[in-house]
Amino acid sequence: MKLIQFHIPNLGKRVGIVTRENEVIDVTSDESRGVLEILKLAKSERVSLGVLLADIQEKVSAPTPMRFTAFQDADTVADDDGGLTLERLEIPPNEQLPHLMLPIDTPEVWGCGVTYKRSADMRDDDSEQDIYSRVYHADRPEIFFKATLPRCVGPNGYIGIRSDSVLTAAEPELAYVLSDTGEILGYTLCNDVSAWDIERENPLYLPQSKIYYGCCALGPMFITPSEIDDPYDLHMTCTILRGDEELFVGEVNTSQINWKFEQLTEFLMRDNPIPFGTVVSTGTGIIVPNELPLISGDVVKIEIDGFGTLSNPVKQL
Numbered sequence: 004m005k006l007i008q009f010h011i012p013n014l015g016k017r018v019g020i021v022t023r024e025n026e027v028i029d030v031t032s033d034e035s036r037g038v039l040e041i042l043k044l045a046k047s048e049r050v051s052l053g054v055l056l057a058d059i060q061e062k063v064s065a066p067t068p069m070r071f072t073a074f075q076d077a078d079t080v081a082d083d084d085g086g087l088t089l090e091r092l093e094i095p096p097n098e099q100l101p102h103l104m105l106p107i108d109t110p111e112v113w114g115c116g117v118t119y120k121r122s123a124d125m126r127d128d129d130s131e132q133d134i135y136s137r138v139y140h141a142d143r144p145e146i147f148f149k150a151t152l153p154r155c156v157g158p159n160g161y162i163g164i165r166s167d168s169v170l171t172a173a174e175p176e177l178a179y180v181l182s183d184t185g186e187i188l189g190y191t192l193c194n195d196v197s198a199w200d201i202e203r204e205n206p207l208y209l210p211q212s213k214i215y216y217g218c219c220a221l222g223p224m225f226i227t228p229s230e231i232d233d234p235y236d237l238h239m240t241c242t243i244l245r246g247d248e249e250l251f252v253g254e255v256n257t258s259q260i261n262w263k264f265e266q267l268t269e270f271l272m273r274d275n276p277i278p279f280g281t282v283v284s285t286g287t288g289i290i291v292p293n294e295l296p297l298i299s300g301d302v303v304k305i306e307i308d309g310f311g312t313l314s315n316p317v318k319q320l
């Protein structure tokens with residue numbers, strides 16, 4: 004099952020099921036005001052998400068299904084019978100127009116580092132140390148606190164460049180969502196935006212490199228595990244646009260991740276209780292060259308087939 008959160012003027016936040024036909028079925032009700040609330044309800048009632056949403060859908064009198072492409076693509080116009088027509092989706096999202104929101108109102112985001120060999124090699128080259136390759140081969144992964152909800156943005160929201168950074172980079176990643184007991188509830192895309200120059204000055208500056216306003220983009224969808232054949236065989240691409248030019252295009256397969264997600268979760272939760280709905284981002288294997296730092300006005304697009312596109316403009320803070 005694929006879910007989105009979206010905004011409709013005068014109605015506010017809505018929850019939608021994205022069908023295989025790329026339609027959005029609105030299932031918003033008093034008991035389903037957000038994806039996080041729906042997941043909690045399924046757990047408390049001990050029913051599957053599919054059964055719960057089917058029950059909610061029967062009770063909800065929603066308008067004609069909308070087209071997901073109308074939310075996803077700023078230049079797409081929905082069919083007249085699609086229930087919603089967008090001449091152009093504004094970037095960043097405008098409260099007066101329908102738009103996508105974060106796929107889940109996560110209370111915490113945690114990041115994992117050097118889970119791909121190329122990330123370890125790149126960071127060691129830049130730091131003239133071997134601390135990253137040592138972590139790559141170690142029995143303990145790198146796990147760091149990344150963001151709270153106010154620091155996160157959804158599709159088409161601005162990702163930030165710190166005011167004291169001149170080398171900030173996109174880090175495209177697969178992320179998963181956890182229950183408070185460590186169960187993987189679903190997946191989404193993440194941009195772990197990072198001020199590389201600050202971290203490289205001294206590894207102890209990592210929190211300042213990683214945590215600030217607009218440092219984390221998530222979306223566009225929350226995807227349940229049943230929709231994914233193998234999370235360790237997903238092809239990811241990242242495109243950075245500067246004006247009409249493709250400044251950078253990179254790709255990686257998640258088969259190159261050095262850790263199983265259950266291992267990352269086990270280390271995360273050692274003596275560290277996590278709230279329901281915690282997001283864990285699994286590290287990047289797409290390394291943007293140092294000579295192409297993000298600047299205001301760039302647009303970063305991250306894609307995995309079936310996950311949609313996480314697209315975000317860049318803003319200097």
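According to my numbering, the sequence shown is numbered sequentially starting from 4. All C-beta atoms in this analysis are idealised placements derived from N, C-alpha and C, irrespective of residue type, glycine included. Here the structure is a predicted model, which means the values were calculated and not measured.
Start-to-end residues for the alpha helix (DSSP H) that takes in residue i
i, result
"residue 61", "52–62"
"residue 203", "199–204"
"residue 139", "134–139"
"residue 48", "38–48"
"residue 209", "209–213"
Rounded separation between residue i and residue j - CA only
i, j, result
"residue 87", "residue 107", "Its pLDDT being 47, under 50, residue 87 is placed unreliably by the model, and nothing is read from it."
"residue 303", "residue 143", "31 Å"
"residue 200", "residue 171", "7 Å"
"residue 287", "residue 194", "9 Å"
"residue 146", "residue 62", "42 Å"
"residue 14", "residue 4", "24 Å"
"residue 133", "residue 290", "18 Å"
"residue 55", "residue 230", "17 Å"
"residue 300", "residue 246", "8 Å"
Residue from the options with nearest C-alpha to residue i
i, options, result
"residue 305", "176, 278 and 45", "176"
"residue 2", "164, 46, 136 and 29", "Since the first and last residues shown for the chain are 4 and 320, residue 2 lies out of range."
"residue 68", "203, 21 and 285", "21"
"residue 119", "261, 45 and 49", "261"
"residue 157", "294, 103 and 259", "103"
"residue 153", "190, 318, 217 and 45", "217"
"residue 3", "251, 25 and 115", "An answer regarding residue 3 cannot be provided, because it is not within the stretch 4 to 320 covered by the chain."
"residue 29", "71, 211 and 310", "71"
"residue 241", "113, 311 and 46", "311"
"residue 222", "234, 59 and 75", "75"
Beta-bridge partners of residue i, as assigned by DSSP
i, result
"residue 103", "9"
"residue 146", "115"
"residue 316", "302"
"residue 95", "Its beta-bridge partners do not exist; DSSP assigns none."
Residues of its chain near residue i, where Cβ-Cβ distance is below 7 Å and the 5 sequence neighbours each way are ignored
i, result
"residue 181", "187, 188, 268, 277, 281 and 283"
"residue 38", "6, 8, 18, 106, 107 and 225"
8 Å CB neighbourhood of residue i in its chain, flanking five on each side removed
i, result
"residue 236", "256, 257 and 258"
"residue 320", "163, 164, 165, 166, 215, 216 and 217"
Host beta strand (DSSP E) of residue i (start-end)
i, result
"residue 27", "26–29"
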